[in-house]
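Below is one structure, written out as structure tokens; comments come after it.
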Amino acid sequence: MKIFLFHLMPYACVDPDYDEEYDTCWVTYPNTKFVPEKGHELYNRYLDELEYAEELGFD
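All residue numbers for the sequence shown refer to the numbering used here, where the first residue is 117 and numbers rise by one.
In structure tokens form, the structure reads like this:
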């Protein structure tokens, strides 16, 4: 049996009230709201999670 892991790597730092101004954070959330330091932190966290999943035997 093969088990795999997939990660969308979402940007989890959107403003709590984003839905009052934007239809969705998937497409219409502006790039000006992106915080590079947070993006860097999240990207490394998600890569660490994928590496750990490989250690556990996920494909």
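Where is the CB? At the ideal position from N, CA and C, for every residue including glycine.
Note that this is a predicted model, so its numbers are computed, not measured.
What does a CB cutoff of less than 6 Å around residue i pick up in its chain, not counting 5 residues either side in sequence?
i      : result
GLU154 : Note that residue 154 corresponds to Lys in the displayed sequence, not to Glu. Result list for LYS154: CYS129, in chain order.
Can you list, in chain order, the residues of its chain with a C-beta nearer than 7 Å to that of residue i? Leave out the 5 residues immediately preceding and following it.
i      : result
TYR134 : CYS141, TYR145
Just curious, the alpha helix (DSSP H) that residue i is in, first and last residue?
i      : result
ALA169 : 152–171
TYR134 : 134–137
Which of helix, strand or coil does DSSP assign to residue i?
i      : result
LYS149 : helix
Short of 8 Å in beta carbon distance, which residues of its chain neighbour residue i, apart from the five on each side in sequence? Order them along the chain.
i      : result
PHE174 : ILE119, PHE120, LEU121
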